[in-house]
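Residue numbers (our numbering), protein chains in the order written: chain A, 27 to 141; chain B, 198 to 444. Yeah, the Cβ is synthetic: ideal placement off N, Cα and C, and Gly gets one too.
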Amino acid sequence: MKRQNGTIDFSHLAPDVAETIRNGQRRMAAKSMSSKQRRDAARNRLVIDIPVELENQLSEIARELGLPISQLIRWLILRGMETSSREEIEDARLPSRSMRYEFILFANDTPKRHR
Amino acid sequence: MVILAIANQKGGVAKTTTAVTIAHGLALHFKRVLLIDLDPQGNVADSLGFDSGGELNAWLNSGHFSPVQARSKLDIIRSDKTTANLKQSLTARGFAEYSISDALEDGRIQENYDVVILDCAPSLDILHVAAIMAATHMLIPTKLDQFSSKGVLDTLSSLSQLHRRGSHCSLAGVLPTFYDRTTNETQIQLESLAASAFGPKLYRPIPVDTTVRASNRSGQTLWEFAPRSRALVDGYIPALDRITELL
Chain A
27 MKRQNGTIDF SHLAPDVAET IRNGQRRMAA KSMSSKQRRD AARNRLVIDI PVELENQLSE
87 IARELGLPIS QLIRWLILRG METSSREEIE DARLPSRSMR YEFILFANDT PKRHR
Chain B
198 MVILAIANQK GGVAKTTTAV TIAHGLALHF KRVLLIDLDP QGNVADSLGF DSGGELNAWL
258 NSGHFSPVQA RSKLDIIRSD KTTANLKQSL TARGFAEYSI SDALEDGRIQ ENYDVVILDC
318 APSLDILHVA AIMAATHMLI PTKLDQFSSK GVLDTLSSLS QLHRRGSHCS LAGVLPTFYD
378 RTTNETQIQL ESLAASAFGP KLYRPIPVDT TVRASNRSGQ TLWEFAPRSR ALVDGYIPAL
438 DRITELL
């Protein structure tokens, strides 16, 4: 079913079908970009630096649960955003010595084993 | 007993490959499967490494039920050119649209099989009608192009007409085949199917994969010829999971 703005409403589709369509849309959008746009997109791509131990833990959970790791990470981020308030993040900030950022966040890099 | 018709009035959409792959997949999952070829081309037998045969004609014409064991837990009723004569003789008889449902009432079939799969021919003939009248569910494979998508609508339209004549067949799903992720046309057609009323019944598409043709030629199913092929892993295994939910 299509929404009024012409986009597809993915909520009624099977999750694997929705993901196939989204991936196809990304590929089509990338194909229609100029080489300059493609360079800019690559420059603006978000890369998250996480400790190796955490990455290994995530890979293991994804493998055990038969999930793509990207979906697991997306799910955990969304859950984190739902449960953490902006104030909590503000309170956890520490002043940074970096020229680029004013603050840094310390997180426990090795969380408890996910049960 | 689940009776699954694999149908699309458009030809060349991978109906037989789908029927054979799903049938063998279910048999490998310990279901007792009877696969019935309703197409006079007899390609089900070819796909499983057999010659075509006239069991369908013998069964529906004279009640002689003699399936061929194709694999463990998978029996087939083969079809051949005699199926064309069968259509004529069924049409001459009254109540031909119930010929398959009546034949499936046979106690040997009810007791010996969990699933019956009907591989329909790409036409709206009496065997197609009889298959839909007998089926509990219908799976519509479709190529991702304009004409095949129209074939899906035509098939659904005949399904709703047959509902008015007493069919209890429900749509199990629409299975896009020959999904080529490099072409925009494929993506457009897939989005159009997803946006249609049967979007929730859309299955994950079967990717284009040359091993499918090679497996058909070898007389082996994809499970035997290329168990790690993209068509199987990314397409038919997820489809099988959804079909298993019907059982």
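{"Query": "Identified DSSP bridge partners for P237(B)", "Result": "Answer is none; P237(B) lacks a bridge partner."}
{"Query": "CB contact below 8 Å: E382(B) versus chain E", "Result": "No chain E appears in the structure shown, which is made up of the protein chains A and B."}
{"Query": "Burial state of A204(B), where buried means 16 or more other Cβ atoms lie within 10 Å", "Result": "buried"}
{"Query": "Cα-Cα separation, F375(B) to L444(B)", "Result": "27 Å"}
{"Query": "Chain A contact for E388(B) (CB, 8 Å cutoff)", "Result": "yes"}
{"Query": "Burial state of H221(B), where buried means 16 or more other Cβ atoms lie within 10 Å", "Result": "buried"}
{"Query": "Closer than 8 Å to chain A by CB, A391(B)", "Result": "yes"}
{"Query": "Pair within 8 Å by beta-carbon distance, L235(B) and L271(B)", "Result": "no"}
{"Query": "CB contact flag (T333(B), I200(B), <8 Å)", "Result": "yes"}
{"Query": "Cβ distance (whole Å) where P402(B) is taken to contact T46(A) below 8 Å", "Result": "6 Å"}
{"Query": "Coarse secondary structure for Q266(B), derived from DSSP in three states", "Result": "strand"}
{"Query": "Neighbouring residues, chain A, relative to P424(B) (Cβ below 7 Å)", "Result": "The premise fails here: P424(B) is roughly 18 Å from chain A at the closest Cβ pair, so nothing lies under 7 Å."}
{"Query": "F129(A), DSSP secondary structure in three states", "Result": "strand"}
{"Query": "Buried or exposed (CB count within 10 angstroms, at least 16 for buried), W101(A)", "Result": "exposed"}
{"Query": "Neighbourhood of K278(B) by C-beta, 7 Å cutoff - its chain only, sequence neighbours within 5 removed", "Result": "P237"}
{"Query": "Cutoff 8 Å; reference R141(A); Cβ partners in own chain excluding five residues on either side", "Result": "Because R141(A) sits at a pLDDT of 44, beneath the cut-off of 50, its placement in the model cannot be relied upon, and the following sentence gives the value as read from the coordinates. There are no such residues."}
{"Query": "Min CB distance G396(B) to chain A below 8 Å", "Result": "yes"}
{"Query": "Any C-beta of chain B under 8 Å from that of A40(A)", "Result": "yes"}
{"Query": "Given Q343(B) as reference, the closest of N309(B), Q384(B) and H360(B) once Cα atoms are compared", "Result": "Q384(B)"}
{"Query": "Interface flag, M54(A) vs chain B, CB-CB below 8 Å", "Result": "yes"}
{"Query": "Buried versus exposed call for M335(B) [16 or more other C-beta atoms within 10 Å across all chains shown]", "Result": "buried"}
{"Query": "Residue-level contact to chain A via CB, P402(B), 8 Å cutoff", "Result": "yes"}
{"Query": "Cβ of L399(B) within 8 Å of any chain A Cβ", "Result": "yes"}
{"Query": "Host alpha helix (DSSP H) of T352(B) (start-end)", "Result": "Q343 to R361"}
{"Query": "Given S346(B) as reference, the closest of A392(B), A327(B), L283(B) and H360(B) once Cα atoms are compared", "Result": "A392(B)"}
{"Query": "Buried versus exposed, by CB contacts within 10 Å (16 or more), L283(B)", "Result": "buried"}
{"Query": "At least 3 beta-carbon pairs within less than 8 Å: the stretch 213-229 of chain B vs the stretch 411-429 of chain B", "Result": "yes"}
{"Query": "Proximity test, Cβ basis, 8 Å: P338(B) and chain A", "Result": "no"}
{"Query": "Bounding residues of the beta strand (DSSP E) (the contiguous stretch that carries T374(B))", "Result": "S367 to T374"}
{"Query": "Proximity winner among Y433(B), S276(B), V230(B) and N258(B), relative to G251(B) (alpha-carbon distances)", "Result": "S276(B)"}
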